[in-house]
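Visitor: Chains as they are written, first to last, in this note's numbering: chain A, 1 to 137; chain B, 1001 to 1137; chain C, 2001 to 2137. Note that beta-carbon positions come from the ideal geometry of N, C-alpha and C, so glycine has one too.
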Amino acid sequence: MAYQQTFEIRTRGRGTTEITAEVARIVRTAGIATAIAQVFVQHTSCSVMITENADPAVRRDLEILAARWAPDADRAYEHDSEGDDDMAAHARSLLAGSSVSVPVRNGALLLGTWQGIYLWEHRTGAQLRRVVVTLVG
Amino acid sequence: MAYQQTFEIRTRGRGTTEITAEVARIVRTAGIATAIAQVFVQHTSCSVMITENADPAVRRDLEILAARWAPDADRAYEHDSEGDDDMAAHARSLLAGSSVSVPVRNGALLLGTWQGIYLWEHRTGAQLRRVVVTLVG
Amino acid sequence: MAYQQTFEIRTRGRGTTEITAEVARIVRTAGIATAIAQVFVQHTSCSVMITENADPAVRRDLEILAARWAPDADRAYEHDSEGDDDMAAHARSLLAGSSVSVPVRNGALLLGTWQGIYLWEHRTGAQLRRVVVTLVG
Chain A
1 MAYQQTFEIR TRGRGTTEIT AEVARIVRTA GIATAIAQVF VQHTSCSVMI TENADPAVRR
61 DLEILAARWA PDADRAYEHD SEGDDDMAAH ARSLLAGSSV SVPVRNGALL LGTWQGIYLW
121 EHRTGAQLRR VVVTLVG
Chain B
1001 MAYQQTFEIR TRGRGTTEIT AEVARIVRTA GIATAIAQVF VQHTSCSVMI TENADPAVRR
1061 DLEILAARWA PDADRAYEHD SEGDDDMAAH ARSLLAGSSV SVPVRNGALL LGTWQGIYLW
1121 EHRTGAQLRR VVVTLVG
Chain C
2001 MAYQQTFEIR TRGRGTTEIT AEVARIVRTA GIATAIAQVF VQHTSCSVMI TENADPAVRR
2061 DLEILAARWA PDADRAYEHD SEGDDDMAAH ARSLLAGSSV SVPVRNGALL LGTWQGIYLW
2121 EHRTGAQLRR VVVTLVG
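1. Who are the Cβ neighbours of D1115/B in its own chain at under 6 Å, not counting the five residues just before and after it?
2. Count Cβ pairs between the region 1088 to 1108 of chain B and the region 2097 to 2107 of chain C that sit closer than 8 Å; are there 3 or more?
3. Return the residue from the list R2025/C, A2030/C, A2035/C and L2062/C that minimises the CA-CA distance to S2047/C.
4. Just checking my contact of W120/A with A91/A at CB under 8 Å: how many whole Å lie between their CB atoms?
5. Between the region 4 to 28 of chain A and chain B, which residues of the former have a C-beta closer than 8 Å to a C-beta of the latter?
6. Applying the 10 Å Cβ sphere with the 16-neighbour rule, what's the burial state of G2137/C?
7. Within this structure, are the beta carbons of I117/A and V41/A separated by less than 8 Å?
8. Could you tell me if D2085/C is buried or exposed, where buried requires 16 or more neighbouring beta carbons within 10 angstroms of its beta carbon?
9. What residues from chain C crowd round Q1115/B, counting only those whose CB sits closer than 8 Å?
10. By the DSSP assignment, the alpha helix (DSSP H) with T51/A in it spans what residues?
11. Taking CB distances under 8 Å as the criterion, tell me whether W1069/B reaches chain A.
12. Rank H1079/B, Y1003/B, M1087/B and T1017/B by C-alpha distance to the C-alpha of R1060/B and give the top, closest one.
13. Taking its Cβ as the centre, do 16 or more other Cβ atoms sit within 10 Å of T1044/B, making it buried, or is it exposed?
14. Starting from the C-beta of N1053/B, find all residues in its chain whose C-beta is less than 8 Å away, skip the five residues before and the five after it, and write them out in chain order.
15. When you compare the CB of S2047/C with every CB in chain B, is at least one pair closer than 8 Å?
16. Is the CB of G1137/B under 8 Å away from at least one CB in chain C?
17. Who does E1018/B pair with in a DSSP beta bridge?
18. When the Cα of V1131/B is compared with those of T1011/B, G1107/B and A1002/B, which residue comes out closest?
19. Spatial neighbours of G1031/B within its chain, please: C-beta separation below 7 Å, excluding the five flanking residues on both sides.
20. Our contact map puts A1088/B next to I64/A with C-beta atoms below 8 Å; I'd like the distance itself, whole angstroms only.
21. Please compile the residues from chain B whose C-beta is within a distance smaller than 7 Å of the C-beta of A57/A.
22. Which two residues bound the contiguous beta strand (DSSP E) that contains R2105/C?
23. Let me check understanding here. Comparing Cα to Cα, which of H2079/C, L2110/C and E2082/C lies closest to V133/A?
24. Pick out the complete alpha helix (DSSP H) segments inside the region 1055 to 1094 of chain B, 4 residues or longer, and give them in chain order.
25. Roughly how many whole angstroms lie between the Cα atoms of S1093/B and S1081/B?
26. Roughly how many whole angstroms lie between the Cα atoms of A128/A and V2058/C?
27. Could you list which residues in chain B have their beta carbon closer than 8 Å to that of L2128/C, in chain order?
28. From which residue to which residue does the beta strand (DSSP E) around T2134/C run?
29. Would you check if the distance between the CB atom of A2/A and the CB atom of A2035/C is smaller than 8 Å?
30. Taking Cβ positions only, does V1132/B come closer than 8 Å to chain A?
31. Going along chain C, which residues have a C-beta under 8 Å from A91/A?
32. Would you say A37/A and V23/A are within 8 Å of each other, going by their C-beta atoms?
33. Evaluate A2066/C with the Cβ neighbour count: other Cβ atoms within 10 Å of its Cβ, from every protein chain shown; 16 or more gives buried, anything less gives exposed.
34. Pull the bridge partners of T6/A from the DSSP assignment, please.
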């Protein structure tokens, strides 16, 4: 069995937006008892990640490390057609990747207590992002 | 078809534990000829990764690079409620991620000769970790 | 339903080779309407990644950042049995990982406009790489 649903998120620039509840709702709608649920973004300058959901400081600290990994406006970059954050956003998107997959049991996401699913925007400006949730089981 | 099984691992602090044999056993039990097998940890301070299985020095060298990417006790971190390795562990877990997926053919893991599946503990202290293996095919 | 097909690529050393068209062809052959398509390499010194497909400079810039993350011949490395690029290649392969998964809708890859699928070779010499594409849906 397979089920797929798409939704959009308007981000407010660089930072994280929790989407666990929206994904959980789609998983319940799918009604597949045992499955893999994949959460995928159709973009190359934002990511989906699973990380700690209790202390927002964790995500602020991840921003610091992501900026070290791929600084904005690094003079080594060749690609900068959309501005100082353009290449940095593509490189940051590699860290967490374009998708996460979560096991499903009894028709519900089998996340650990402290795991949340986040859309991680890497562009400094607001963007409209398309998220595809696919369950197979 | 879908099949799911969970197991626990007691880690001895930061470092890797090979879980290829345990995952392979679950895949054989599932008895699904062609599938994707997902190995997922329900935690945000350890990872699952696929890496070279012949020379343990590879995994020691990965520790060195992971410590450069996210040093313990970095003064830039805001989050340190569980100690000097707390934020570093969350950041390290992003490198390899919460899960890997491996193709299954003829009811067996289709890994390359030099690929092993490892649980990578990022906390410095021993932890009990829960691993969920899900096959869909 | 599940479908699996394998193909080989001869790389010309470090750099990216786009494989979107080859994966799309396999997805069409599979004929599964709604699915997850996984693209997996059976190696620990190359990756599969999804990144920007319009400007080749993006992939050149990713090489620069990958070399900062895991420099060749770093004196801290213990593992160097296959040369100066050996350990760097294993570490680089962790960045993007051994596989990507892409949703399938109406029997076709559901990629965004600017997303391409690339095999990313991390060894400096030419290699023959095996790619496994698995669809479940």
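Guide: According to the data block:
1. In the sequence as displayed, the identity of residue 1115/B is Gln instead of Asp. I1050.
2. yes
3. L2062/C
4. About 13 Å separates the two Cβ atoms, so there is no contact after all.
5. none
6. buried
7. no
8. buried
9. Q2042, H2043, T2044 and S2098
10. From DSSP, T51/A is part of no alpha helix (DSSP H) but of the beta strand (DSSP E) over C46 to E52.
11. yes
12. T1017/B
13. buried
14. E1018, T1020, W1114, Q1115 and G1116
15. no
16. yes
17. Y1118/B
18. T1011/B
19. G1107
20. Their Cβ separation, rounded to whole angstroms, is 12 Å, which puts A1088/B and I64/A out of contact at 8 Å.
21. E1078 and H1079
22. S2099 to R2105
23. L2110/C
24. 1056 to 1069
25. 17 Å
26. The amino acid occupying residue 128/A in the given sequence is Leu; Ala does not appear at that position. Cα-Cα distance, rounded: 22 Å.
27. The premise fails here: L2128/C is roughly 12 Å from chain B at the closest Cβ pair, so nothing lies under 8 Å.
28. L2128 to V2136
29. yes
30. yes
31. D2061, L2062 and L2065
32. yes
33. buried
34. V132/A
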